[in-house]
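In our numbering, the protein residues as written are 0 to 276.
Built from N, CA and C at the ideal position, the CB exists for glycine as well.
As the structure is a computational prediction, the values presented were derived from the model and not from experiment.
As structure tokens, the structure follows; a few thoughts come after it.
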């Protein structure tokens, strides 16, 4: 880990005039589409709809390719996912699209595809999604984001897609496919984390947000990223009191959460502020 806050960076990110700044209106990103009936990590239609109804507008979604090359909302096809989603693991663990769509999540909830998400965003023009595609090899990245752009018909809804990039090379591959306006640079896959290099890279390319595990959040790192004009979000935090403490001590600017929504955080912070008066 490397950082030095002694000097002001030569490159500082500034928000383009008139551009939507999702991070200025939402300190919360709903992890895996939020929750449904108290159940998390479903990436389901019902989780998206219920969490939206609670006032949340920014959603992270796990996206993966099926065996027949379709982009769907699911963390992966590993044993742990079958256990978490309470599904029987098929002989071929990587589902095809038909099997994916016909296998309820936890026996209750509806699996969705990137086309379903695009339709939801057409019907709800205040929704942003954060992509969690996990893969960084060029072939897979190209296929995933080509399918995403096709599902969105290359229209203005893509301005509300926030691409989570896992390294510097992935950004170049994705940006060649489509000039997305919104990115998040996530550090959890990086073996070495030079935050000056990350800050400079993001500021130069208009990547306004960096994210990292909450366990590695550090006020010095946050201050360094702020000096580049960037925001820091951490994952995954589900205790609203922890959020309040981290914000108070300047450890971050926002959170990925399974359960807490933006309106709930705002209400908590308002009541906390009143209690201090």
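Backbone CA spacing between residue i and residue j [nearest angstrom]
i           : j           : result
residue 130 : residue 182 : 9 Å
residue 177 : residue 148 : 8 Å
residue 44  : residue 111 : 6 Å
residue 198 : residue 224 : 6 Å
residue 79  : residue 59  : 20 Å
residue 234 : residue 213 : 5 Å
residue 309 : residue 40  : Given that the chain is displayed from residue 0 to residue 276, the structure contains no residue 309 and the question cannot be resolved.
residue 134 : residue 36  : 30 Å
residue 201 : residue 207 : 7 Å
residue 87  : residue 270 : 45 Å
residue 61  : residue 267 : 28 Å
residue 103 : residue 85  : 9 Å
residue 74  : residue 161 : 17 Å
residue 205 : residue 12  : 6 Å
residue 175 : residue 157 : 14 Å
residue 152 : residue 274 : 49 Å
residue 166 : residue 97  : 33 Å
residue 23  : residue 230 : 10 Å
residue 27  : residue 67  : 34 Å
residue 140 : residue 184 : 15 Å
residue 251 : residue 94  : 38 Å
residue 193 : residue 244 : 26 Å
residue 90  : residue 249 : 49 Å
residue 261 : residue 31  : 15 Å
Residue range of the alpha helix (DSSP H) that includes residue i
i           : result
residue 46  : 44-52
residue 226 : 218-226
residue 10  : Run containing residue 10: none; DSSP gives neither H nor E here.
residue 121 : 113-122
Opening and closing residue of the beta strand (DSSP E) in which residue i lies
i           : result
residue 268 : Element bounds for residue 268: not the beta strand (DSSP E) but the alpha helix (DSSP H), 261-275.
residue 127 : 127-131
residue 104 : Segment: none, residue 104 is in no beta strand (DSSP E) and carries neither H nor E.
Closer than 6 Å: residue i CB and nearest the ligand HEM heavy atom
i           : result
residue 231 : The model depicted lacks the ligand HEM and carries no ligand whatsoever.
For residue i: DSSP bridge partner residues
i           : result
residue 39  : 34
residue 143 : In the DSSP output, where bridge partners are listed per residue, residue 143 has none listed.
residue 28  : 255
residue 212 : 234
Per-residue DSSP class, three states only, for residue i
i           : result
residue 246 : helix
residue 254 : strand
residue 232 : strand
residue 109 : coil
residue 164 : strand
residue 173 : helix
residue 14  : coil
residue 22  : helix
residue 152 : coil
residue 95  : coil
residue 240 : helix
residue 134 : coil
Beta carbon proximity, residue i to chain B, threshold 7 Å
i          : result
residue 96 : Annotation note: the requested chain B is absent from the structure, which comprises a single protein chain.
### Completely contained beta strand (DSSP E) runs for the stretch 179-210, where each covers 3 or more residues
181-185
### Message
Which runs of the alpha helix (DSSP H) at least 4 residues long sit entirely within the stretch 56-91? Give them in chain order.
### Response
78-83
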